[in-house]
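S.K.: Quick one: this structure, given as structure tokens, is what I'll be asking you about.
Chains as they are written, first to last, in this note's numbering: chain U, 192 to 385; chain W, 192 to 385; chain V, 192 to 385; chain F, 192 to 385.
Printed below as a string of structure tokens:
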């Protein structure tokens, strides 16, 4: 995340790219270990110091890919290298980065809990309260919110999975884990006889 | 997957065999990590360039085996090496390869979700719609279909598990993960009170 | 498993011991990976060529132990080395080895499914039929049977977990995986509304 | 855990610190493997020979951290190194160490089962009986008890997860696994139709 000054050398830029790609690869393996990126689902991105975005290519398996599965796009979502084709979800990542300059990383995954709850629930939002895990979201009581304009830390698309972001990949992944934990709790609660 | 031309050397053929066996061993470990090949269940195959098939032997544990657990059969299912005995399911793999020359790999596993849903469900097919994961199946709305003639990407045998295929092992495994994800979602949905 | 003849050297005996201890350690790690040996639960044994038994010590964690956690007992369950204290379950293993000379390995684990089903179910046995996984049990339709005299491959003690055996550790573990798969299926089936 | 005598050298103290930090890091990875420390949840501590406490810092991920994520506090919970800030839960650990000089390690995690059961259950305590796993708790029939004064091995805070302790980390982790196993069983039992 350094190399922003005018004296940044080509080596530094390459290092920053490699670091971003490594973060994305590690995040994919972690998400795969939890079963959140089945098949070629999910996508993961990091904002680079120059405002461009490192993001997973379309059609890759996020748990099995290497750094070659990461491509670079401009802030508007076009591929930096002519001829490369970004995934359709790339624009959702770009929209988030454009909305908030504090966002440094975005992760999108599909869990069974998120999918089942979003397909079942007629309500526009899932509410959580009283869970200590909410600390991970810093006081936000309603964390799963399909209306992007009211949403600060993540959202869930019906039948599609969750998008979560943060200033860096560590925070984005921690929020994803916190959110998926709450969704797993909610799914279990739904199964209990009342 | 190269070495198809007349100049292919013995070394190339051995390399192709080793690559196929490695793909099968890796696939078995991955399926085992998800719990889809309990005991000695499951079988995994790859079509070689000459039309023969590399397939797991009977009685092996798909998560613990090495490449010696992979044997070669002719397109009609007989062992290439006289005296070796293929598993009973080998003919199901051969049937799929014979039906469609575009199939390069077939995977068969047993998951709890597939077993429970296929044992419970009186209907001849499970239908899925509205799930983004269906993208992994390229628009096929009904993916689990016990009537082979109507089925393009996979099928499920009552009490037995799923068969999924693709042009290569990566695609076959990705489709298996997508299908198992949908089956896991369906099983969770069934448990929710209505 | 060799070294049974009169010419067996001390080196061979030590090798056989090390092989048995390694099999037990590997089995424990595998069972731990599935969550079947929580805390210090479970025990694992192998019959040696001379009829003595290598078995896990009391109080060890089966997923974290090394070969030093394996001790030797006589066929009647007394420690071969004076002063060592076998676990209480050692006699259950010895009873099985005494009943059938073909038994070479015994594994005992605690799964959530086995515990919940055995605590809930008023019936003396769980019956399974129609599951392809039963192949792993070679045609035995009723595999979970608390009456030892009628039981050929494994039994389940109420609130306690399962004991499974076989001619060797590979077979015992494969049967354990098959049985736990069926128990997991049964537990899921019980949760579905009728 | 040695180095308590007056002849203990600086080297021995550093070794004891490193050993404590390694135990904490290993415990965190194990808990993460089971999904019990999502996001930055959980905390883990070991009492040092001089009465000070090695404990995880605030905001770290317990499954991804290294030994640098472990800090030292005085028995009253203040940081040994001026300027370092302990987590809010540090005082809960100190309270336990102060109550019982036999406690050597404390682990706190959040599981789905603990969270769901503690949020749902109107009763002040969960009771368990008839489970062989209770052996891990040495005869204690009621192990999950929100009233600390009556509790000898662990407690559960509504919506918050469990605290478990023992004379050493091995015992504390084994008790945690035993307790989580029982909670997992209870959650499954609740889902079965009556």
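For glycine and all other residues, C-beta sits at the position ideal for the given N, C-alpha and C.
1) Counting only Cβ-Cβ distances shorter than 9 Å, please list the residues of the stretch 349-372 of chain W near chain U, keeping chain order.
2) Report yes if the CB atom of residue 189 of chain F is closer than 8 Å to the CB atom of residue 238 of chain F, and no otherwise.
3) Rounded C-beta distance between residue 260 of chain U and residue 375 of chain U? I'm assuming under 8 Å.
4) Comparing the C-beta of residue 376 of chain W with each C-beta of chain U, is any distance below 8 Å?
5) Go to residue 307 of chain U, then tell me how far its alpha helix (DSSP H) extends in each direction, as first and last residue.
6) Nearest-angstrom Cα distance between residue 215 of chain W and residue 221 of chain V?
7) What residues are listed by DSSP as bridge partners for residue 247 of chain U?
8) For the putative contact between residue 358 of chain V and residue 293 of chain V, defined by C-beta atoms under 8 Å, what is the C-beta separation to the nearest angstrom?
9) Kindly indicate the opening and closing residues of the alpha helix (DSSP H) around residue 284 of chain W.
10) Suppose contacts are defined by Cβ-Cβ distances below 8 Å. Is residue 230 of chain F in contact with residue 368 of chain U by that definition?
11) In angstroms, rounded to a whole number, what distance separates the CA positions of residue 267 of chain U and residue 246 of chain F?
12) Below 7 Å on C-beta distance, what does residue 382 of chain U contact in chain F?
13) What are the residues in the stretch 203-234 of chain V lying within 7 Å of chain W by C-beta distance?
14) Secondary structure at residue 236 of chain U, three-state DSSP: helix, strand or coil?
15) Note down the Cα distance separating residue 384 of chain U from residue 228 of chain F, rounded to an integer number of angstroms.
16) Within a Cβ cutoff of 7 Å, which residues of the same chain sit near residue 257 of chain F, ignoring the five residues on either side of it in sequence?
17) Do the CB positions of residue 223 of chain V and residue 254 of chain V come within less than 8 Å of each other?
18) Name the chain V residues that come within less than 8 Å of residue 303 of chain W, Cβ to Cβ?
19) Using CA atoms only, rank isn't needed, just tell me which of U:351, U:382, U:274, U:302 is closest to residue 372 of chain U.
20) Do residue 298 of chain U and residue 204 of chain U come within 8 Å of each other at the CB atom, strictly closer than that value?
21) Chain F partners of residue 311 of chain V, CB-CB under 8 Å?
22) For the stretch 238-257 of chain F, which residues have a beta carbon sitting closer than 7 Å to at least one beta carbon of chain U?
23) What number of angstroms, rounded off, separates the C-alpha of residue 311 of chain W from the C-alpha of residue 382 of chain V?
24) To the nearest angstrom, report how far apart residue 340 of chain U and residue 232 of chain F are at their CA atoms.
25) Using a 10 Å radius around the Cβ and a threshold of 16 neighbouring Cβ atoms, would you call residue 290 of chain V buried or exposed?
26) Which residues mark the beginning and the end of the beta strand (DSSP E) in which residue 365 of chain F is found?
27) Can you tell me whether residue 227 of chain F is helix, strand or coil according to DSSP?
28) Which class does residue 254 of chain F belong to by DSSP, given the choice of helix, strand or coil?
29) Just the Cα atoms here: how many angstroms apart are residue 262 of chain W and residue 351 of chain W?
30) Let me know the secondary structure DSSP gives residue 293 of chain F once reduced to three states.
31) Name the residue from F:362, F:211, F:355 whose alpha carbon lies nearest to the alpha carbon of residue 287 of chain F.
32) Work out the CA separation of residue 275 of chain V and residue 308 of chain F for me, nearest whole Å.
33) Hey, out of U:218, U:285, U:281, whose CA is closest to residue 250 of chain U's CA?
34) On a Cα-Cα basis, can you pick out the residue from F:218, F:208, F:209, F:370 that is closest to residue 360 of chain F?
M.R.: Concretely, from the data shown:
1) Flagged, chain order: 361, 364, 365, 366, 367, 368, 369, 370, 371, 372.
2) Lying outside 192 to 385, the shown extent of chain F, residue 189 of chain F is not represented and no answer is given.
3) Locating residue 260 of chain U in the first chain gives position 69, counting from the first residue. Locating residue 375 of chain U in the first chain gives position 184, counting from the first residue. Incorrect: roughly 28 Å between the Cβ atoms, too far for contact.
4) One-based indexing of the second chain puts residue 376 of chain W at position 185. Closer than 8 Å: yes.
5) As a working note, residue 307 of chain U is residue 116 in the first chain. From DSSP, the alpha helix (DSSP H) with residue 307 of chain U extends over 303-311.
6) As a first step, residue 215 of chain W must be located in the second chain, where it is residue number 24. As a first step, residue 221 of chain V must be located in the third chain, where it is residue number 30. For residue 215 of chain W and residue 221 of chain V, the distance between alpha carbons rounds to 21 Å.
7) Position 56 of the first chain holds residue 247 of chain U. Bridge partners of residue 247 of chain U: U:261.
8) Along the third chain, one-based indexing puts residue 358 of chain V at 167. Along the third chain, one-based indexing puts residue 293 of chain V at 102. Correct: roughly 6 Å between the Cβ atoms.
9) Counting from one through the second chain, the residue named residue 284 of chain W turns up at place 93. DSSP places residue 284 of chain W in the uninterrupted alpha helix (DSSP H) bounded by 281-290.
10) Reading the fourth chain from its first residue, position 39 is the one you call residue 230 of chain F. Reading the first chain from its first residue, position 177 is the one you call residue 368 of chain U. Against a cut-off of 8 Å, the Cβ pair of residue 368 of chain U and residue 230 of chain F comes out as a contact.
11) Locating residue 267 of chain U in the first chain gives position 76, where the first residue counts as 1. Locating residue 246 of chain F in the fourth chain gives position 55, where the first residue counts as 1. Rounded to the nearest angstrom, the gap between the Cα atoms of residue 267 of chain U and residue 246 of chain F is 45 Å.
12) For this step, residue 382 of chain U is matched to residue 191 along the first chain. Correct list: 382.
13) Per Cβ criterion, the list is empty.
14) As a working note, residue 236 of chain U is residue 45 in the first chain. The three-state reading of DSSP puts residue 236 of chain U in strand, counting E and B together.
15) What you label residue 384 of chain U is simply residue 193 of the first chain in a count that begins at 1. What you label residue 228 of chain F is simply residue 37 of the fourth chain in a count that begins at 1. Rounded to whole angstroms, residue 384 of chain U and residue 228 of chain F show a C-alpha spacing of 27 Å.
16) The residue you call residue 257 of chain F lines up with position 66 of the fourth chain. Excluding residues up to 5 positions away in sequence, 216 lie with their Cβ nearer than 7 Å to the Cβ of residue 257 of chain F in the same chain.
17) Position 32 of the third chain, counted from the start, is the residue given in the question as residue 223 of chain V. Position 63 of the third chain, counted from the start, is the residue given in the question as residue 254 of chain V. Residue 223 of chain V is a Cβ neighbour of residue 254 of chain V, given a cutoff of 8 Å.
18) Locating residue 303 of chain W in the second chain gives position 112, where the first residue counts as 1. What residue 303 of chain W touches in chain V: 372, 375, 376, 379.
19) As a first step, residue 372 of chain U must be located in the first chain, where it is residue number 181. Looking at the Cα atoms, U:302 is the closest of the given residues.
20) Sequence index remark: in the first chain, residue 204 of chain U carries index 13 (1-based). Sequence index remark: in the first chain, residue 298 of chain U carries index 107 (1-based). Against a cut-off of 8 Å, the Cβ pair of residue 298 of chain U and residue 204 of chain U comes out as no contact.
21) For the purposes of this step, residue 311 of chain V is taken as residue 120 along the third chain, with counting starting at 1. Chain F residues near residue 311 of chain V: 380, 383.
22) Residues passing the 7 Å Cβ filter: 252.
23) Residue numbering aside, residue 311 of chain W sits at position 120 when the second chain is read from its first letter. Residue numbering aside, residue 382 of chain V sits at position 191 when the third chain is read from its first letter. Each residue's alpha carbon lies about 12 Å from the other.
24) On the first chain, position 149 is the one that residue 340 of chain U refers to. On the fourth chain, position 41 is the one that residue 232 of chain F refers to. Bear in mind that a pLDDT of 42 at residue 340 of chain U, under 50, signals an unreliable position, so the number given afterwards is only what the model happens to contain. Between residue 340 of chain U and residue 232 of chain F, the C-alpha separation is close to 28 Å.
25) Counted from its first residue, the third chain places residue 290 of chain V at position 99. With fewer than 16 neighbouring CB atoms inside 10 Å of its own CB, residue 290 of chain V falls in the exposed class.
26) As a first step, residue 365 of chain F is located in the fourth chain; it is residue number 174 there, counting from the start. Taken as a continuous stretch (DSSP letters only), residue 365 of chain F belongs to no beta strand (DSSP E), being part of the alpha helix (DSSP H) at 360-382.
27) In the fourth chain, the residue the question calls residue 227 of chain F occupies position 36. Per DSSP, reduced to three states, the secondary structure at residue 227 of chain F is coil, with no helix or strand assignment.
28) Position 63 of the fourth chain, counted from the start, is the residue given in the question as residue 254 of chain F. Of the three classes helix, strand and coil, the one that applies to residue 254 of chain F here is coil, per DSSP.
29) The residue you call residue 262 of chain W lines up with position 71 of the second chain. The residue you call residue 351 of chain W lines up with position 160 of the second chain. When the Cα atoms are used, residue 262 of chain W and residue 351 of chain W turn out to be separated by approximately 23 Å.
30) Stepping through the fourth chain from its first residue, residue 293 of chain F is reached at position 102. The answer is coil: DSSP assigns residue 293 of chain F none of H, G, I, E or B.
31) Along the fourth chain, one-based indexing puts residue 287 of chain F at 96. The closest CA to that of residue 287 of chain F, considering only F:362, F:211, F:355, is found on F:355.
32) Counting from one through the fourth chain, the residue named residue 308 of chain F turns up at place 117. Counting from one through the third chain, the residue named residue 275 of chain V turns up at place 84. Taking the CA atoms as reference points, residue 308 of chain F sits about 41 Å from residue 275 of chain V.
33) Position 59 of the first chain holds residue 250 of chain U. Ranked by how close their Cα comes to the Cα of residue 250 of chain U, the residues U:218, U:285, U:281 have U:281 in first place.
34) Residue mapping note: residue 360 of chain F aligns to position 169 of the fourth chain, counting from 1. Of the candidates F:218, F:208, F:209, F:370, the one whose C-alpha sits nearest the C-alpha of residue 360 of chain F is F:218.
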